[in-house]
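Trainee: Numbering (the working numbering), first residue to last: 1 to 364.
Even for Gly, the Cβ is constructed at its ideal location relative to N, Cα and C.
All of these numbers come straight from a predicted model, not from anything done at the bench.
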Ligand SMILES: Nc1nc2c(ncn2[C@@H]2O[C@H](COP(=O)(O)OP(=O)(O)OP(=O)(O)O)[C@@H](O)[C@H]2O)c(=O)[nH]1
Ligand SMILES: [Mg+2]
């Protein structure tokens, strides 16, 4: 099961109370106040990790609560600070406050952490309230309360290259051929149902990550097929690799496929289809491919086209080195990507609320 959106509620621990106590000891009359401070409550921390690929665990465990700090005690004993509650999430998780819709953090590196609810602070014991006029204070501070928040987590896979193509074009086969990722491949559409990321390591230890997403079809932006929900997993990719079935095995024309793919990307986000990329002209082992490659080259003279046979892993090296050259040429981070994501989220939320308002009109 793959989950890329989830709502959770988190609550940090309250601070422990300070203590009111007086020193009682043989031969020490009127020993004075000795109430210790309370310990701090635990924070709730989100931690990005390589070992999680989806938010599915959080779907089944949406409530998280950190422990409260220990209370202070006599003999100036400090209450124990509560341990922090760490929630592991996949890399690429965006965290939003569900109440305000504000972005809290963008966890995009392994082991990156973010405190989403700060634990309460322990209260002070009565030792702190001694003064020249009050030498036996019967006053201590309660700990401050923890925070309670509803969070919306949205996973956007982080990869350098996004594979875009129609179902059955051979995206997963290509990923298997060039990396150690093992997505399922089969001769029927929609074999891939959730994103997979493969990693290629070069001899100079540089790494290139490639994301494979479910196939797109005409009208994906209108939620046809698996819709364009999965495009969110490649919108952060710096370059695209369009995978085309040059033999038209399913009776389609690769030239039309290419135009349709660009159209879908553009519908999802204006400007997305102009992001740099290469074309992977797949299935060149089949006889129909040669003619289609000629036509594709003719109609797209400026584009880099790489004929490959993903099934046998042939001719893939040139495509991979072209991807690397392209990546090296563009800036490491698209700084506006996050802003665009936030803008689309707001647009989506507005459309949802407008729709809810319309629904209310018919609610008798
Ligand atoms: N002849 C030939 N067949 C190929 C080639 N590459 C992939 N195929 C076949 O095409 C079919 C679909 O491959 P997949 O890799 O599952 O395609 P996909 O694009 O991931 O498809 P979805 O996950 O459904 O979107 C499989 O039966 C592969 O064996 C190739 O280079 N030549
Ligand atoms: Mg696939």
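At the level of alpha carbons, what is the spacing between residue 15 and residue 6?
Mentor: Stepping through the chain shown from its first residue, residue 15 is reached at position 15. Stepping through the chain shown from its first residue, residue 6 is reached at position 6. If you take the alpha carbons of residue 15 and residue 6, they lie about 29 Å apart.
Trainee: Shortest alpha-carbon distance to residue 286 belongs to which of 264, 277, 311 and 265?
Mentor: By 1-based counting over the chain shown, the position of residue 286 is 286. The residue from 264, 277, 311 and 265 with its alpha-carbon nearest to that of residue 286 is 311.
Trainee: Apart from the five residues just before and just after residue 364, which ones in its own chain have a Cβ nearer than 8 Å to its Cβ?
Mentor: What you label residue 364 is simply residue 364 of the chain shown in a count that begins at 1. Unreliable placement is indicated for residue 364, whose pLDDT of 35 sits below 50; the coordinate value is still reported in the next sentence. In its own chain, leaving out the 5 sequence neighbours on each side, no residue places its CB closer than 8 Å to the CB of residue 364.
Trainee: Is the stretch 130 to 145 in contact with the stretch 22 to 41, if contact means three or more CB pairs nearer than 8 Å?
Mentor: Touching, yes.
Trainee: With a cut-off of 8 Å, do at least 3 Cβ pairs link the stretch 146 to 157 to the stretch 177 to 184?
Mentor: no
Trainee: State the DSSP-derived secondary structure class of residue 50, mapped to helix, strand or coil.
Mentor: Here residue 50 corresponds to residue number 50 of the chain shown, with the count starting at 1. Three-state result, residue 50: coil.
Trainee: Within the present structure, is the beta-carbon of residue 172 separated from the nearest heavy atom of ligand 1 by less than 8 Å?
Mentor: The residue you call residue 172 lines up with position 172 of the chain shown. At least one heavy atom of ligand 1 is nearer than 8 Å to the Cβ of residue 172, so yes.
Trainee: According to DSSP, is residue 231 helix, strand or coil?
Mentor: On the chain shown, position 231 is the one that residue 231 refers to. If DSSP states are grouped into helix, strand and coil, residue 231 belongs with the helices.
Trainee: I'd like to confirm the pairing. Which residues does DSSP put opposite residue 33 in its beta bridges?
Mentor: As a first step, residue 33 is located in the chain shown; it is residue number 33 there, counting from the start. Answer is 22, bridged to residue 33.
Trainee: For residue 34, count neighbouring C-beta atoms within 10 Å of its own C-beta (all shown protein chains included) and say buried if the count is 16 or more, exposed if not.
Mentor: The residue given as residue 34 occupies position 34 in the chain shown. Looking at its Cβ environment, which holds 16 or more other Cβ atoms inside 10 Å, residue 34 is buried.
Trainee: Can you give me the C-alpha to C-alpha distance between residue 320 and residue 209, rounded to a whole angstrom?
Mentor: By 1-based counting over the chain shown, the position of residue 320 is 320. By 1-based counting over the chain shown, the position of residue 209 is 209. Using only the alpha carbons, I get a separation of about 11 Å.
Trainee: Just to confirm the assignment: which complete alpha helix (DSSP H) runs, minimum length 4, are found wholly within the stretch 236 to 283?
Mentor: Listed in chain order, they are 254 to 268.
Trainee: Report the rounded CA-to-CA distance for residue 9 versus residue 99, giving the unit in angstroms.
Mentor: Locating residue 9 in the chain shown gives position 9, counting from the first residue. Locating residue 99 in the chain shown gives position 99, counting from the first residue. About 11 Å.
Trainee: Taking only three categories from DSSP, how would you classify residue 168?
Mentor: Translated into the one-based positions of the chain shown, residue 168 becomes position 168. Correct three-state label for residue 168: coil.
Trainee: Which first and last residues belong to the beta strand (DSSP E) in which residue 100 is found?
Mentor: Stepping through the chain shown from its first residue, residue 100 is reached at position 100. Taken as a continuous stretch (DSSP letters only), residue 100 belongs to no beta strand (DSSP E), as it is neither H nor E.
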